[in-house]
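Scroll down for the structure; my scribbles are underneath it.
There are 2 protein chains.
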Amino acid sequence: MPTLYHHPLCPHSRFIRLILAEYGIDATLIEERATERRPEFLALDPAGRTPVFVDDDRTVVPGASVIAEYIDEAYGAARNAQRLLPPDVKARVETRRLVDWFNVKFFDEVTNWLVTEKVYKRFAPQGGAPDMDLLRIARANIRPHMRYIGYLTQTRNWLAGERLTYADFAAAAHISCADYLGDAPWDEDEAAKHWYQRIKSRPAFRPLLADRAPGMTPGRFYAEMDF
Amino acid sequence: MPTLYHHPLCPHSRFIRLILAEYGIDATLIEERATERRPEFLALDPAGRTPVFVDDDRTVVPGASVIAEYIDEAYGAARNAQRLLPPDVKARVETRRLVDWFNVKFFDEVTNWLVTEKVYKRFAPQGGAPDMDLLRIARANIRPHMRYIGYLTQTRNWLAGERLTYADFAAAAHISCADYLGDAPWDEDEAAKHWYQRIKSRPAFRPLLADRAPGMTPGRFYAEMDF
């Protein structure tokens with residue numbers, strides 16, 4: 001069975017967990033605190049980031065964007081209509097553009113601050129209390145992203161077009177981390193909320209909704225379908 | 001003819017210019033100052049970053065990693081031995097891992113600080129002088145990266161293995177920006193320097209060596225093969 005080194009509140013790990021679950025690929029989950037820089041983990045990925053995927057034949061695939069391309073080539077290409085990186089050239093561009101939007105831009109502006117300040121600092125050697133200024137910035141930054149999701153899903157069935165793609169799971173992975181931490185502004189955009197309700201109700205989402213980080217209770221409606 | 005919106009000292013733009021030149025794809029270059037947030041540019045890429053590639057059929061491809069995958073699918077797949085994203089699965093993983101290393105990690109730790117402080121601030125609305133502390137951090141951060149390049153190229157012909165790949169051009173693009181700004185420490189690692197001499201001598205590199213940013217003279221040995 002493949003192995004995924006992940007952290008429950010690492011949004012990039014959640015993205016990969018969601019696409020593995022959508023494809024029905026079982027993987028052994030190993031919780032990794034990347035900040036501890038464990039030598040065995042750095043040997044797998046010198047960059048020392050979660051997630052890292054190790055396939056059955058021991059191919060080591062580090063980093064969310066590299067794993068997503070690998071899974072498309074190794075597992076996705078055979079899925080036809082269920083392929084999450086669609087075969088059409090323009091649809092691939094749009095899917096990758098949005099995956100990058102959430103895994104890079106949204107992460108830089110929102111989830112990196114939220115998760116670092118609220119979660120990783122708890123077990124980091126030089127931890128300390130969350131920086132409230134950074135949390136305020138992240139909470140302000142998330143709002144235009146919610147409106148962008150709303151804008152896209154008002155003209156399309158899913159984020160990147162008519163079919164469900166990696167883009168939806170990248171967006172949902174990041175938003176689910178903000179939601180766990182009580183920082184997803186569900187009053188901001190009705191269409192974005194409806195899109196999240198649709199994706200949250202998929203079976204692939206269930207393991208994420210059961211996640212509990214030690215010492216951190218999720219927001220009240222985190223696991224509810226009606227929020 | 002395709003169009004590339006770029007900035008001469010944007011390392012991600014340089015990465016794409018290099019791979020277009022390696023493949024012999026001529027493109028009209030349009031210089032874009034992303035910080036000015038020109039509405040016509042934001043219409044092409046709502047994320048507002050260089051580079052953006054517009055192909056002959058008007059397919060708009062924004063962002064270095066999305067463009068690199070697009071070019072592999074649209075132009076690279078037919079190149080066989082010269083394909084810069086090699087067909088073998090494990091070689092693709094290693095190539096993408098290193099492209100990500102330079103386009104994300106090296107950028108976050110080095111080129112983003114150097115280029116923002118020394119170049120973009122000059123024409124940004126709230127510009128000001130470069131922050132010397134950030135430049136010092138970037139100059140310290142670049143040294144372990146030079147040693148990592150040296151380490152890789154002492155056991156392999158090129159960065160990702162025996163053949164030339166995207167990884168070499170991503171690394172060279174970022175280092176060439178640091179070199180233009182006089183911040184590439186050529187005393188750090190002899191093997192890294194030899195690798196850079198090899199890639200710098202390729203015809204695809206010439207247009208980059210001829211680049212001059214307004215009001216900024218490059219380092220003394222920037223365009224020299226012997227540095």
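Same order as they appear, the protein sequences are chains A and B. Numbered as in full-length UniProt numbering, the first sequence ends at 227 without a single skipped number. Numbered as in full-length UniProt numbering, the second sequence ends at 227 without a single skipped number. Don't be surprised by glycine CBs; every beta carbon is placed ideally from N, CA and C.
Below-9 Å beta-carbon distance, residue i vs any chain B residue
i, result
"W113(A)", "no"
"residue 252(A)", "Here chain A has residues from 1 to 227 only, and residue 252(A) is not among them."
"F47(A)", "One detail in the question is off: residue 47(A) reads as Ala in this sequence, not Phe. Taking Cβ atoms only, chain B reaches closer than 9 Å to A47(A), which makes this a yes."
"R147(A)", "no"
"S201(A)", "no"
"A74(A)", "yes"
"V104(A)", "yes"
"S65(A)", "yes"
"Y89(A)", "In the sequence on display, residue 89(A) carries Val and not Tyr. So, interface residue."
"T165(A)", "no"
Residue i, DSSP secondary structure in three states
i, result
"E94(B)", "helix"
"P207(B)", "helix"
"P46(B)", "coil"
"E31(A)", "strand"
"L181(A)", "coil"
"Y5(A)", "strand"
"A124(A)", "coil"
"W158(B)", "strand"
"A21(A)", "helix"
"A213(A)", "strand"
"F227(B)", "coil"
"F221(A)", "coil"
Residue i at chain E interface by Cβ criterion, 9 Å
i, result
"G161(A)", "No chain E is part of this structure, whose protein chains are labelled A and B."
Exposure label - residue i; buried when at least 16 CB within 10 Å
i, result
"residue 237(A)", "No answer is possible for residue 237(A): the residues shown for chain A start at 1 and end at 227."
"E224(B)", "exposed"
"H6(B)", "buried"
"F41(A)", "buried"
"D57(A)", "exposed"
"R37(A)", "exposed"
"D183(A)", "buried"
"P125(A)", "exposed"
"D168(B)", "buried"
"E162(B)", "exposed"
"P51(A)", "buried"
"M146(A)", "buried"
"H174(B)", "buried"
"N80(B)", "exposed"
"D45(A)", "buried"
"E73(A)", "exposed"
"A129(B)", "exposed"
"T217(A)", "exposed"
"S65(B)", "buried"
"S13(A)", "buried"
"Q97(B)", "Going by the sequence as given, residue 97(B) is Arg instead of Gln. So R97(B) ends up on the buried side."
Test: residue i CB closer than 9 Å to a CB of chain A
i, result
"Y70(B)", "yes"
"W101(B)", "yes"
"P62(B)", "yes"
"R96(B)", "yes"
"R92(B)", "yes"
"V110(B)", "no"
"T3(B)", "no"
"T59(B)", "yes"
Distance between beta carbons of residue j and residue i, contact taken as under 8 Å
i, j, result
"D100(A)", "G150(A)", "At roughly 20 Å, the Cβ-Cβ gap does not stay under 8 Å, so D100(A) and G150(A) are not in contact."
"A21(A)", "P2(A)", "Between P2(A) and A21(A) the Cβ distance is about 13 Å, and since that is not below 8 Å, they are no contact."
"residue 233(A)", "E31(A)", "Nothing about residue 233(A) can be reported from this structure: the residues present for chain A run from 1 to 227 only."
"Y180(B)", "Y222(B)", "6 Å"
"I71(B)", "I19(B)", "6 Å"
"F107(A)", "R33(A)", "No, F107(A) and R33(A) are not in contact; Cβ-Cβ is about 18 Å, not under 8 Å."
"Y75(B)", "I137(B)", "Not quite, the Cβ-Cβ distance comes to about 38 Å (not below 8 Å), so this is no contact."
"A77(A)", "R83(A)", "7 Å"
"G63(A)", "A47(A)", "7 Å"
"L85(B)", "T165(B)", "7 Å"
Enumerate, from N- to C-terminal direction, the unbroken alpha helix (DSSP H) stretches of 4 or more residues contained entirely within the segment 55-89 of chain A. Those alpha helix (DSSP H) runs which fall completely within the segment 55-89 of chain A and span 4+ residues are 64-74.
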